[in-house]
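So the protein sequences, as listed, match chains P and L. Taking full-length UniProt numbering, the leading residue of the first sequence gets 1, the next gets one more, and so forth. Taking full-length UniProt numbering, the leading residue of the second sequence gets 1, the next gets one more, and so forth. C-beta atoms are modelled at their ideal positions from N, C-alpha and C, and glycine is treated no differently. Data block below; observations after.
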Amino acid sequence: MSISNNRLPDVPFTFQSERSHSDLEDFIPTPSSPRNNDVGVFRLSQIIISDNEEPFIEYSESSDEKQLVYLNPPYIQENDVDWSETNKTLGVKFKPNSRNNLICYLMGKAPQEEYEEKDDRPDDQVYEFSPFDVNNNRAAFYNESFMRILKAVECDKEQKNPRVLTITNLSKVYWDYAKILENHVEKLKSQGKRTYTELNTFQNILIIWELCGIIYINPKKEYHEELSRIFQNSYGRLSKELTDWSNKYLHLLDPFEFDETNFIEVNIQNDDDFWRCLRKLVLRGSPRAIDLLDLALNNEDEDGFVVEYLMQIKQMIFSRPQYRQKEFDKFSNFFREWSDKIKGFKNELLSQRNENFPGNIISICDILLGDTEFILENSSSWIEALMSMVISHPLWDVQVLSEKARECLYRWPFNKENNEPKTLDKIIALFFHRDLEQGIKYCEDIDEWLVAHLSDMFKKFELIGKIRFQSHRHIKTNGSTTDVDIREFSLLNFAESFVSHHSLWQLAFKYFELCETYGKSYIAEHIVRIPFDNERKLSKILNICKHNGLDFQAKTILRIAGKRCLQEKRYVSSIKYFMDAGDTASLEVIFRIFLDYYTDTGDLSMFNQLESVQLDESSPDSMKFLSRYRQFHELMQSRFYQKARIYIMELIRSQIAPTTFLPVLVLNTLPLFRVAQQNNTVILTNADNFEILRNLYNLVHGMYQDECVNCLERMRSWHTYTNGYADIDEKLSVLWTAVNNNQLVVYKYGEASSSCWISD
Amino acid sequence: MGSVNAYGKISKVRFAKPSQTFDNKKILFATGTWDEERNNTLMLWGSKEIPLGLNNNHESSFELYPVAKVNHKGDIMEMRFIDDNILLTSSSEGYFNAFKCLPYITSEQEDSDFRIENYQIEHIIAHQFHHFSENKSAPATGIAIEPNSGNDPEIVSVGEDGRLVLFNLSKEMQCQIVDSADVSGIKTVAWPSTDLIITIGISGQLKLFDRRKPGNPSIFYDLSRPRDTFNCLAVNSSQVNQIAAGSSEGFVTIWDIKNLEEPVKRARPHDIHVNELIFHPHRPGFLFSCSEDGTIGIMDFGGSIGGNVRSEMYRENGLIRRYCHEGNDIAINSIDYNSQNKLLIGGGDGRNLLWTQFE
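So, in structure tokens, the structure goes:
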């Protein structure tokens, strides 16, 4: 069974019973698992992530592939939802992202039949996980290369610098990349067989990186430097650098191995293997050609004239003119002289009667002279032929190089049957063709790092811009193309794979920040999906939001943090997070929890937690109410009755408390009446009396009768004489009387008679 | 600044006590990682000064190399060395751990990256002090050691559950627990003098617990910046009344614990989140800080602390210096300074250890 990657079905479940593992419901955490509470562990035993033409999730019952996916942070069951008594379901949705990672959404949803597809708006807990891992070596490499990309950004930003300086600095950064790639390859080599695949990948990256540097980056630098120095010829550089490149990597691209010991006692005149081998080495410009000739020359049995010819060939190869900068004229003359010498030697050989031996030497001369036809005939691959030509023609420029590459590829066409090129071969050909965009696109098959960083450097050198870009991987599935900035597309694509990585996620956002057009929207989309299970990580996630001005996302994350704390009954932390998120609705929930707790228990200890909450004018009313209510009780305990009166009346008049709490507030005034009566003074004013009476009437006879009965019933449990409280009904009637008495006292003595002993 | 691969995202770096090393040119330090899922590690490193002339820079240089490694359950949230080669850690899974760093004779070298130089790390104590509920652990966030104590000092462990647990290493099962020391949860703790313990809660306030006066601790924060929250604390070992606190908005404030009405000095070495602070052990008024912005700050508060000087003046007077490695803007989570070799090291989310020399 396969499921389209565009849309996965929603998989609702409840905790009521075990389900058949016959469908995707296998995602469901089984209630019978030994760690019953740890429903954050999902068994993906039948899920295979396929990486064929299009990413999809395949279900296979017989598969041995097993993967446990740990949700981090673990799933926390909501305490306020009793799943067994509701037909509501806990929804789980897995959705692959563009990087073949799975995004997992958990949410409370209506029953399946009523459920409609909604936007992928982050809900309570959103998880993303990657089935792939990044080893520590690679992680260190990524961080190191990120430093280089920062340097490149810095070079590019320095607008004051003349372009020549910018190009020079950028060129340094480009070759710095090459150095870290080379170091990484060396490190992988030292780690032996276990890193073979990784080594292969990085060797390929290095080959492409250096080649592009030689063909595209160095000429750019050269061009700008030439302009600044008026004009200085630097012909020959390309050939020299490509020769070095070929010497380093041709054996990897087109392996050629031979055993020198086979030629220790060889009859050179008649040994075809020896000449084939020598031809190959000369074609490849390999220094080993000299070694092989030395081996033959050591063979004392050879005739004198043979030795003489071999000495001459050796001398010719050895004296091949090497390009030296700033010596173009000298070099040009020297090269002509050298070529003339070989031509003369070849003519001399042509007059020889012995067909075999001179024929072999002539073939060496043809290679040294760069005879295109001969080279094409005798090479085993297009790259070998091209390199041979490049070595023999030190004055070629990139334009000629491109034409010659075409010629070579014409001889070894990629589409020929049974000659399917290796990816690397194809990419190198595209770069020789000067087809940068296609080359970059095919680099996807080597590594995304290469695509991202190569396109970043190319963009900075103004080699690429916006193109109609379409990943060749997606051609079959998605026919549309759009104009995109290839650099940004590649960087975003590369960085997106880190989002789901447990440790490299920060790097993803650092890369997104480098993308001016879409970077911010990528950060906004992904930052809310980063799981966190401690304050440190939360604070780092919030810092990313803050740094990028993502207020809405920061608030979403704070809300998630607040909800989690609320589930764990960490009320103060949840208040802090909800306040920072501006989530008044959730604060209202906590507000009611506090009030309910007091109504049910008469215990004020919960309110003491509010000491750690910093409030100011702009804080939500519900929190200010709780804080004031706590202060009211503190004032009562400290016998600051006048201030306590102000606070309690302010709380009653504010109408912030739900009507279910109103009886508690009204009854809280009773001690004030008692104190006033005992001390024969007035605390509550006429207006206070009126307010209390109005509320009392509403509670006992008016519109809040039900709430009152309910509330009194809840308070009854702790209103016992053993607890030091009077019966709740009695308390209510006492309050009626106290209010009436107070009215008389206020009438008799006036409101100003508050006695001075109450020291507020 | 020098840099070496740290084999993970570093949450803490700590130098071993000088007495632990036999050769004064050779220094031991430990690093702890975070956010590495099930692969968090505690590593012991050696550091050796390369004599002048053997390096190309005509400056003294250091070679940092790992000498031992052990897996750590959960992120390392805090790490402290105490005498006798004991390394204490706090884990995000609620555990207080103690490890013994022991020299040993055989050196089988399995991983070519590791130059094992006769050290091994032995896990000797693991105790889960912190949890939100019976089934859910809470990250242990901080450890502080009683100052000027003997061989078996009292230790305090704090966590996001708001608990403050006091115990001795020799009898960690007999502990004194303050259940709701800070109901918002505790980020970090410092122990400036025998009777005073200071914590920073998740709400960002400082709380001072005076063991001589049981009851409510005193709460204080920077009144001029009430919305700014504190993240880290440092105690000046040469002036016990002096503490420093780093904030979310990049401020560093110096406080006199005898008068906590307002900070005595304030500076802003960073633009965002200060992750850790340390006092220079010998230069009064010198502080090192590291931040989420990827830099290390060095502040000179001019010796004797007193009088209020505005942070801008510090910047103008050049009393703040910021160190940065190759334009790095990846967070540096922890720093430590070894006065013997004048070596300052830092580690963070860039998976590398940064080092520089500072007089």
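Buried or exposed (CB count within 10 angstroms, at least 16 for buried), residue i
i                : result
SER311 (chain L) : Confidence is the limiting factor: at SER311 (chain L) the pLDDT is only 40, short of 50, which leaves the residue's position unreliable, though a coordinate-based value still follows. SER311 (chain L) should be labelled buried.
ASN333 (chain P) : exposed
PHE15 (chain L)  : buried
TYR196 (chain P) : exposed
ILE383 (chain P) : buried
ILE198 (chain L) : buried
MET79 (chain L)  : buried
SER717 (chain P) : exposed
ASN183 (chain P) : exposed
GLY150 (chain L) : exposed
PHE690 (chain P) : exposed
TYR641 (chain P) : buried
GLN553 (chain P) : buried
Opening and closing residue of the beta strand (DSSP E) in which residue i lies
i                     : result
SER627 (chain P)      : Taken as a continuous stretch (DSSP letters only), SER627 (chain P) belongs to no beta strand (DSSP E), being part of the alpha helix (DSSP H) at 621-637.
ALA98 (chain L)       : 95-103
residue 370 (chain L) : Lying outside 1 to 359, the shown extent of chain L, residue 370 (chain L) is not represented and no answer is given.
CYS232 (chain L)      : 230-235
ILE692 (chain P)      : Note, ILE692 (chain P): premise wrong, no beta strand (DSSP E); alpha helix (DSSP H) at 686-700.
HIS127 (chain L)      : 119-128
ASN275 (chain L)      : 274-279
TYR598 (chain P)      : Segment 584-601 is the alpha helix (DSSP H) holding TYR598 (chain P); no beta strand (DSSP E) there.
GLU78 (chain L)       : 76-82
VAL4 (chain L)        : 2-5
From the options, residue whose alpha carbon lies closest to that of residue i
i                : options                                   : result
HIS127 (chain L) : L:LYS73, L:LEU343 and L:PHE81             : L:LYS73
HIS453 (chain P) : P:ILE375, P:ASN136 and P:GLU144           : P:GLU144
ASN710 (chain P) : P:VAL664, P:GLN567, P:LEU295 and P:LYS240 : P:VAL664
LEU450 (chain P) : P:LEU409, P:THR201, P:TYR704 and P:ARG716 : P:THR201
PHE494 (chain P) : P:SER380, P:THR681, P:ALA581 and P:TYR142 : P:TYR142
ALA561 (chain P) : P:GLN609, P:LYS537 and P:GLY549           : P:LYS537
LYS314 (chain P) : P:ASP329, P:LEU292 and P:PHE305           : P:LEU292
SER90 (chain L)  : L:ILE143, L:ASN71, L:ILE219 and L:ILE177  : L:ILE143
SER500 (chain P) : P:ARG674, P:THR166 and P:ARG529           : P:ARG529
LEU87 (chain L)  : L:ASP75, L:SER339, L:LEU102 and L:GLY94   : L:LEU102
Beta-carbon proximity of residue i to residue j, cut-off 8 Å
i                : j                : result
ALA234 (chain L) : LEU169 (chain L) : no
LYS9 (chain L)   : SER503 (chain P) : yes
VAL613 (chain P) : MET623 (chain P) : yes
SER291 (chain L) : ILE254 (chain L) : no
THR685 (chain P) : VAL746 (chain P) : yes
LEU735 (chain P) : LEU667 (chain P) : yes
GLN506 (chain P) : LYS460 (chain P) : no
ARG284 (chain P) : SER246 (chain P) : yes
THR141 (chain L) : MET77 (chain L)  : yes
LEU651 (chain P) : ALA644 (chain P) : no
PHE301 (chain L) : TYR337 (chain L) : no
N-terminal and C-terminal residue of the alpha helix (DSSP H) that residue i is part of
i                : result
GLU488 (chain P) : 486-499
LYS563 (chain P) : 551-567
GLU377 (chain P) : 372-378
ALA140 (chain P) : 136-157
Which residues, in order along the stretch 172-190 of chain L, keep a beta-carbon less than 8 Å from a beta-carbon of chain P?
-> Within the stretch 172-190 of chain L, SER180, ASP182, VAL183, SER184, GLY185 and LYS187 place their CB atoms closer than 8 Å to a CB of chain P, listed in sequence order.
Chain L contacts made by the stretch 533-565 of chain P, where a contact means CB separation under 8 Å = Listed by position, the residues of the stretch 533-565 of chain P near chain L (Cβ gap below 8 Å) are ASP533, ASN534, GLU535, ARG536, LYS537, SER539, LYS540, ASN543, LYS546 and HIS547.
Residues within the stretch 320-333 of chain L neighbouring chain P, beta-carbon criterion of under 9 Å | Of all residues in the stretch 320-333 of chain L, only HIS325, GLU326, GLY327, ASN328, ASP329, ILE330, ALA331 and ASN333 place a beta-carbon less than 9 Å from a beta-carbon of chain P.
Chain L contacts made by the stretch 134-146 of chain P, where a contact means CB separation under 8 Å | Answer set for the stretch 134-146 of chain P: ASN136, ALA139, ALA140, ASN143, GLU144 and PHE146.
Can you give me, in chain order, the residues of the stretch 120-145 of chain L that have a beta carbon less than 8 Å from any beta carbon in chain P?
-> Result list: PHE132, SER133, ASN135, LYS136, PRO139 and THR141.
Quick one, which residues of the stretch 334-352 of chain L are near chain P if we go by CB-CB under 7 Å, in chain order?
-> Listed in chain order, the positions of the stretch 334-352 of chain L with a beta carbon within less than 7 Å of a beta carbon of chain P are ASP349, GLY350, ARG351 and ASN352.
Taking a cut of 8 Å between CB atoms, which residues from the stretch 67-81 of chain L lie near chain P?
-> Under the 8 Å Cβ criterion, the stretch 67-81 of chain L contributes ASP75 and MET77.
Could you please tell me which residues of the stretch 145-172 of chain P, in chain order, have their CB closer than 9 Å to any CB of chain L?
-> Correct list: PHE146, MET147, ARG148, LEU150, LYS151, VAL153 and GLU154.
Chain L contacts from the stretch 565-595 of chain P (Cβ-Cβ distance under 7 Å) | Taking 7 Å as the Cβ-Cβ cut-off against chain L, the residues of the stretch 565-595 of chain P that qualify are GLU568, ARG570, VAL572, SER573 and LYS576.
Cβ-based contacts, 8 Å cut-off: residues of the stretch 261-275 of chain L near chain P | Correct list: ILE272 and HIS273.
Residues in the stretch 84-106 of chain L with C-beta within 9 Å of chain P's C-beta atoms, listed in sequence order?
-> Flagged, chain order: SER92.
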